[in-house]
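Trainee: Here the protein sequences line up with chains L and G, keeping their order.
Count along the first sequence from 1, then add 360; that gives the number in our numbering.
Count along the second sequence from 1, then add 360; that gives the number in our numbering.
We put the CB at the ideal spot given by N, CA and C, even for glycine.
Once you've had a glance at the structure underneath, I'll fire off some questions.
There are 2 protein chains.
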Amino acid sequence: MPRYALLIEYDGSPFVGWQRQVNGLSVQQVLEEAAAPLNGGALPETTASGRTDAGVHAEGQVVQIDLAADLPPERIREALNTRSRPYPVAVLSVTRPPEGWSARFSALGRAYRYRVLNRRPRPALDMGRVWHVPQPLDAAAMHEAAQMLLGRHDFTSYRASSCQAKDALRTLDRLDVSRLGNEVVVQTAARSFLHHQVRNMVGTLVEVGLGRKPASWPRQVLDGRDRSRAGQTAPPDGLTFLRAEYADRLDWC
Amino acid sequence: MPRYALLIEYDGSPFVGWQRQVNGLSVQQVLEEAAAPLNGGALPETTASGRTDAGVHAEGQVVQIDLAADLPPERIREALNTRSRPYPVAVLSVTRPPEGWSARFSALGRAYRYRVLNRRPRPALDMGRVWHVPQPLDAAAMHEAAQMLLGRHDFTSYRASSCQAKDALRTLDRLDVSRLGNEVVVQTAARSFLHHQVRNMVGTLVEVGLGRKPASWPRQVLDGRDRSRAGQTAPPDGLTFLRAEYADRLDWC
């Protein structure tokens, strides 16, 4: 059964998340139903490089899909983009990955962006795409605090209580905070993240940005290994899955 | 009756346009209903610097509003942003303009941006915010053609048949076309525009970008003074009203 890699973009607002659930429409369901006619009518199996929660967006999610037929990648892309209408999911590119490749297990890195709209008026054009924090944030203090979280640590304090990973040991490669006009943007990268890790880190850094906690606090929270000590989980709206990286470069069509 | 100037942002997708209409919700209606409690319960009168059509967005629309009471600008901003929920309209700033100032008639310039998503896959994250043109566009040819439309001309060929302006003589100050990755962006500015002028110019320039017409064609269309010779009216989705300019600088709060 040939395996294909899909590079996809979606607006997470109308979905219960990447993964199929009984309580609503998922990105996975939209894709699998759109792909069924390419698979003899049967729902194909898909796996994403990183599962995203309800309301979280993606600019470059990577998905593996196994189809019954050997088809030109362009044809798969066109068919999926036609049949997934009117949902805000688009297949940007399709390729045949190397033998044994897995979207999830072969990924060597994942990158996310988190956008905070930091102005008094609520968002209009960016509704659903940003976390609105009306009080002024000190982005430099947030960046300073973020640097102390880099490296290999037990991220228990930053994982969701529902997180199913066996252990909380992760290596954080990048956690940059910068200001762009009235936005505070967090860019982060790691081999993998725990459930809610990015949103919990952002929620904790915002406490520093608001001046409620010192820049040393997020690291103290980390060292405490106690979820209840961290800041709030930042809302999903501001989060976008940017890309996944693999040892073998994929030749996207 | 004190007059205030509002700087507002909106996502045009759910609206019938700026202006009140019997067939659906307008930005004007949302604002006026939100402002009524600041006006003794009566609907205030508002006028925008530029009326936008259904589906057209604004980053910096300027609106005048006359209210019964003398109120601090910050209070008006906060009240309107609270009461206009959940609609995608936000008041960015409020100020008291100089005596005799009119949002519409005092405006010396208006600027718009038009975004074309120029890639094969349809938009997902930018659905409703771009015109999707899947065939490759030659942005340099479009820019070359655009420069021949600058200056003072009779823009009859580029006005809507429904346009109510007395004459079609307008001075086009800027019409720049550039490529940013897989987007072709048109930036334009003039003292004022005719109804559908920007969308008709973009629709005509796209014919050049697709190679169906030479770069000299949009100017020939202009000189022909015949609406039926121009290209299609580009869809509203890609259009955003950016700002209005006035002789007196407004001191936004």
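Report the partner residues of T548(G) according to the DSSP bridge assignment.
Mentor: Counting from one through the second sequence, the residue named residue 548(G) turns up at place 188. Under the DSSP definition of a beta bridge, T548(G) partners with Y472(G) and L535(G).
Trainee: Using 8 Å as the cut-off, can you tell me whether the region 411-418 of chain L makes contact with the region 594-601 of chain L, which would need three or more C-beta pairs spanning the two stretches below that distance?
Mentor: yes
Trainee: I'd like to confirm the pairing. Which residues does DSSP put opposite L366(L) in its beta bridges?
Mentor: Here residue 366(L) corresponds to residue number 6 of the first sequence, with the count starting at 1. V423(L) and V454(L).
Trainee: Report the start-end ranges of each beta strand (DSSP E) in the region 473-524 of chain L that is 3 residues or longer and not cut off at the edges.
Mentor: 511-514, all fully within the region 473-524 of chain L.
Trainee: For the alpha helix (DSSP H) that E405(G) lies in, which residues bound it at each end?
Mentor: Here residue 405(G) refers to the residue found at position 45 when the second sequence is read from its first residue. E405(G) -> not in any alpha helix (DSSP H); beta strand (DSSP E) instead, spanning E405 to A408.
Trainee: Using the rule of at least 16 other Cβ atoms within 10 Å of the residue's Cβ for burial, across every protein chain shown, is K526(G) buried or exposed?
Mentor: Numbered from 1 along the second sequence, position 166 holds the residue referred to as residue 526(G). Counting Cβ neighbours within 10 Å, K526(G) comes out exposed, since fewer than 16 surround it.
Trainee: Could you work out which residue in R443(G), Q580(G), A429(G) and Q389(G) is closest to F515(G) when comparing CA atoms only?
Mentor: Here the question's residue 515(G) lines up with position 155 in the second sequence. Distance check between F515(G) and each of R443(G), Q580(G), A429(G) and Q389(G) places Q580(G) closest, using alpha-carbon atoms only.
Trainee: Judging by CA-CA distance, which residue of Q557(G), C613(G) and A575(G) is the nearest neighbour of Q592(G)?
Mentor: Stepping through the second sequence from its first residue, residue 592(G) is reached at position 232. Of Q557(G), C613(G) and A575(G), the residue nearest in Cα terms is Q557(G).
Trainee: Name the residues in the region 441-473 of chain L whose C-beta lies less than 7 Å from a C-beta of chain G; which are they?
Mentor: N441, P448, V449, A450, V451 and L452
Trainee: Could you check what DSSP says for T600(L) in three-state terms: helix, strand or coil?
Mentor: For the purposes of this step, residue 600(L) is identified with residue 240 of the first sequence, where counting begins at 1. DSSP places T600(L) in strand when its eight states are reduced to three.
Trainee: Taking just the CA atoms, how far does G372(L) sit from P397(L)?
Mentor: On the first sequence, residue 397(L) is found 37 positions in, with the first residue counted as 1. On the first sequence, residue 372(L) is found 12 positions in, with the first residue counted as 1. Their Cα atoms are separated by approximately 25 Å.
Trainee: Would you mind reading off the limits of the alpha helix (DSSP H) that contains M561(L)?
Mentor: The residue given as residue 561(L) occupies position 201 in the first sequence. Where M561(L) is concerned, the enclosing alpha helix (DSSP H) stretches over Q557 to G569.
Trainee: Below 8 Å, can you find three or more Cβ-Cβ pairs linking the region 434-446 of chain L to the region 461-473 of chain L?
Mentor: no
Trainee: Compute the distance between the beta-carbons of T406(G) and I436(G), then report whether it is under 7 Å.
Mentor: For the purposes of this step, residue 406(G) is identified with residue 46 of the second sequence, where counting begins at 1. For the purposes of this step, residue 436(G) is identified with residue 76 of the second sequence, where counting begins at 1. Cβ atoms of T406(G) and I436(G): not closer than 7 Å.
Trainee: With a cut-off of 7 Å, does the C-beta of L398(G) fall near any C-beta of chain L?
Mentor: Looking up residue 398(G) in the second sequence gives position 38. Taking Cβ atoms only, chain L never reaches closer than 7 Å to L398(G), which makes this a no.
Trainee: Please confirm whether A594(L) and R559(L) have their CB atoms less than 7 Å apart.
Mentor: Here residue 594(L) refers to the residue found at position 234 of the first sequence. Here residue 559(L) refers to the residue found at position 199 of the first sequence. By the CB criterion at 7 Å, A594(L) and R559(L) fall inside the cutoff.
Trainee: Starting from R482(L), find everything on chain G with Cβ-Cβ shorter than 8 Å and list it in chain order.
Mentor: Here residue 482(L) corresponds to residue number 122 of the first sequence, with the count starting at 1. Correct list: N441, R445 and A450.
Trainee: At the level of alpha carbons, what is the spacing between A429(L) and M361(L)?
Mentor: Stepping through the first sequence from its first residue, residue 429(L) is reached at position 69. Stepping through the first sequence from its first residue, residue 361(L) is reached at position 1. If you take the alpha carbons of A429(L) and M361(L), they lie about 7 Å apart.
Trainee: Work out the CA separation of V566(L) and L554(G) for me, nearest whole Å.
Mentor: Position 194 of the second sequence, counted from the start, is the residue given in the question as residue 554(G). Position 206 of the first sequence, counted from the start, is the residue given in the question as residue 566(L). Near 46 Å, if we compare the C-alpha coordinates of V566(L) and L554(G).
Trainee: Determine the closest residue to Q524(L) out of E393(L), H513(L), R411(L) and L532(L), with distance taken between C-alpha atoms.
Mentor: For the purposes of this step, residue 524(L) is identified with residue 164 of the first sequence, where counting begins at 1. Per the Cα distances, R411(L).
Trainee: List the residues of chain G whose Cβ lies closer than 7 Å to the Cβ of E369(L), in chain order.
Mentor: In the first sequence, residue 369(L) corresponds to position 9, counting from 1. Ordered by position in chain G, the residues that pass the 7 Å Cβ test against E369(L) are A484 and L485.
Trainee: Taking the alpha-carbon positions, what's the A500(G) to V493(G) distance?
Mentor: For this step, residue 500(G) is matched to residue 140 along the second sequence. For this step, residue 493(G) is matched to residue 133 along the second sequence. Cα to Cα, the separation comes out at about 16 Å.
Trainee: Taking the straight line between their C-alpha atoms, what separation do you get for W612(G) and Q388(G)?
Mentor: For the purposes of this step, residue 612(G) is taken as residue 252 along the second sequence, with counting starting at 1. For the purposes of this step, residue 388(G) is taken as residue 28 along the second sequence, with counting starting at 1. The alpha-carbon atoms of W612(G) and Q388(G) are separated by roughly 20 Å.
Trainee: How many whole angstroms separate the CB atoms of E369(L) and E419(L), which I take to be in contact at a CB cut-off of 8 Å?
Mentor: Along the first sequence, one-based indexing puts residue 369(L) at 9. Along the first sequence, one-based indexing puts residue 419(L) at 59. Yes, E369(L) and E419(L) are in contact; Cβ-Cβ is about 6 Å, under 8 Å.
Trainee: So the alpha helix (DSSP H) V387(L) belongs to, where does it begin and stop?
Mentor: Here residue 387(L) refers to the residue found at position 27 of the first sequence. Boundaries of the alpha helix (DSSP H) harbouring V387(L): V387 to A395, taken from the DSSP string.
Trainee: E419(L) versus chain G: which residues are under 8 Å apart at the beta carbon?
Mentor: Taking the first sequence and counting its residues from 1, one reaches residue 419(L) at position 59. By Cβ distance, chain G contributes L485.
Trainee: With DSSP collapsed to three states, give me the class of L610(G).
Mentor: Here residue 610(G) refers to the residue found at position 250 of the second sequence. If DSSP states are grouped into helix, strand and coil, L610(G) belongs with coil.
Trainee: Using the three-state DSSP reduction, which class does Q580(L) fall into: helix, strand or coil?
Mentor: Here residue 580(L) is taken as the residue at index 220 of the first sequence, counted from 1. Helix, per DSSP.
Trainee: Output the distance between the C-alpha atoms of R480(L) and P496(L), rounded to the nearest integer angstrom.
Mentor: For this step, residue 480(L) is matched to residue 120 along the first sequence. For this step, residue 496(L) is matched to residue 136 along the first sequence. Distance between the alpha carbons of R480(L) and P496(L): 8 Å.
Trainee: Whole angstroms are fine: how far does the CA of L529(L) sit from the CA of Q507(L)?
Mentor: Position 147 of the first sequence, counted from the start, is the residue given in the question as residue 507(L). Position 169 of the first sequence, counted from the start, is the residue given in the question as residue 529(L). Rounded to the nearest whole angstrom, the CA to CA distance from Q507(L) to L529(L) is 17 Å.
Trainee: Look at H503(L) and L582(L) and say whether their C-beta atoms are less than 7 Å apart.
Mentor: Your numbering for residue 503(L) matches position 143 in the first sequence. Your numbering for residue 582(L) matches position 222 in the first sequence. Contact flag unset, no.
Trainee: Using 8 Å for Cβ pairs, my map puts H510(G) next to L535(G). What's the rounded Cβ distance?
Mentor: To locate residue 510(G), count along the second sequence from 1; it is residue 150. To locate residue 535(G), count along the second sequence from 1; it is residue 175. Reading off the sequence, residue 510(G) comes out as Leu, not His. Indeed they touch by this definition, with Cβ atoms about 6 Å apart.
Trainee: Which residue's Cα is closest to the Cα of L610(G): G541(G), E393(G) and S453(G)?
Mentor: On the second sequence, position 250 is the one that residue 610(G) refers to. Closest option to L610(G), Cα to Cα, is S453(G).
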